[in-house]
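Numbering (this note's numbering), first residue to last: 289 to 380.
Cβ coordinates follow ideal geometry from the N, Cα and C atoms, glycine included.
Structure first, then comments.
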């Protein structure tokens, strides 16, 4: 390898150094861009997940209140039906 470098002209050596420098710069730039994009996507995903969790919490709270009201109404209706059946059976 050393003998090949000695046989190369100065123009070839400068070209090889420039090619290696550009390759290193491109690799470093690509690596930096990858990690920046990864961090940004994770941040965006966390924001979306937090927003979805808040919306889900609101809807679940509202739905649980609605379900409790429906269960109460059904219980009252069942009590009315039971009273009517008891009055029909007892003949009053």
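Residue i versus residue j - alpha carbon distance
| i | j | result |
| --- | --- | --- |
| residue 340 | residue 304 | 53 angstroms |
| residue 369 | residue 348 | 31 angstroms |
| residue 309 | residue 318 | 14 angstroms |
| residue 297 | residue 311 | 21 angstroms |
| residue 361 | residue 322 | 57 angstroms |
| residue 353 | residue 365 | 18 angstroms |
| residue 367 | residue 328 | 58 angstroms |
| residue 375 | residue 358 | 26 angstroms |
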